[in-house]
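Participant: Under the numbering used here, the residues of the sequence shown are numbered 4 to 276, in order.
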Amino acid sequence: MTASSQPAPAWVTAARRQAQCPPAAPRVPLLLGCECVGSVDAAVFDQIGIQRLLDKRWQLSQIEHQGQPAWALPAQEATAALNALAHALRAAGCCGPWRDEQLAVCAPDGRRLATVERGAVRVLGLATQAVHLVGCTAGGALWVQQRSFTKPNNPGQWDTLMGGMVSAADSLHEALARETWEEAGLRLEQLQALAAGGHVQFAQPSSEAGGTGYMVERIDWFHATVPEGVVPVNQDGEVAHFECLTHGEVHDRLARGAFTPEAALVLAGFYGW
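(1) Is the beta carbon of residue 186 less than 9 angstroms from the beta carbon of residue 239?
(2) Along the chain, where does the alpha helix (DSSP H) that runs through residue 16 open and close?
(3) For a test of your reading of the model: does the CB of residue 114 fall under 8 angstroms from any non-hydrogen atom of the ligand MG? Yes or no.
(4) With residue 47 as the anchor, note down where its alpha helix (DSSP H) starts and where it stops.
(5) Nearest to residue 71 by CA position, among 49, 107 and 32, is which residue?
(6) So what does residue 202 bridge to, in DSSP terms?
(7) Quick one: using the 10 Å Cβ neighbour count with 16 as the cut-off for buried, is residue 124 buried or exposed?
(8) So, at 8 angstroms on beta carbons, what are the nonlocal neighbours of residue 225 in its own chain, with the 5 sequence-adjacent residues on each side left out?
(9) Whole beta strand (DSSP E) runs in the segment 123-165 with 3 or more residues, listed along the chain?
(10) Give the straight-line distance between the Cα atoms of residue 219 and residue 234, rounded to the nearest whole angstrom.
(11) Could you tell me the alpha carbon to alpha carbon distance between residue 9 and residue 15, rounded to whole angstroms?
(12) Rounded to whole angstroms, what's the CA-CA distance from residue 83 to residue 181? Just pull it up for me.
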């Protein structure tokens, strides 16, 4: 990790402020049983013909929670109920990009209660976890990737060596290993001085589902040295290409907004800003 002797650039304060923004429109709490797990734009369920879900096996109920209206799904068979809701949202065009990937749904204290399709997490305001890897060289440069231009989010923008979601099937370390291989073709055993760096938090409106989404995410980031002569090679088609940049070049691209918001704040932490 590189501690900077310079004060944080102006963009850092703005980026951190942007990462913590209230919803653009009123949202209604979403509960599993008595546990609040997310929130929904007040108008979303009006758009999907919610009676279709009520007529099925799982009932989506309107209740009162802490003195305000809320939506609740039963705690029993919560995974099936949430995924039925995700499919209803998808059918109505009120869902994010469908991934066929399950993410954990947790109580406020971190207990896992269920899983749900990744494409529904933003519209339902569910908290997610991601992982990033900052890849250095022994000479002090950084490996960065340009995201594929076909990615649904931030296509063509610059990113850390690796950045990906922690799926329901993975622990944090397993996600770090899997994503590092899929995105950069590197095994953790190849890297030197791998260490946890810190984390960043996002709570901000999301453009998914026509702007009705809300992003709540914790990103844990790591840093490591990529040995001399080792070059990252993408395995999953989600990276356009990699570049090895000096710190000055990274700083310049950060200032120009060329990196994703997530990568920008991870790198701000890496630089000690």
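All residues carry an ideal CB built from backbone N, CA and C; glycine is no exception.
Facilitator: On the basis of the supplied data:
(1) yes
(2) 13-21
(3) Absent from the structure shown: the ligand MG. Ligands present: none.
(4) 47-50
(5) 32
(6) 223
(7) buried
(8) 134, 135, 136, 137, 179, 197, 198, 199 and 200
(9) 130-140 and 145-150
(10) 33 angstroms
(11) 13 angstroms
(12) 26 angstroms
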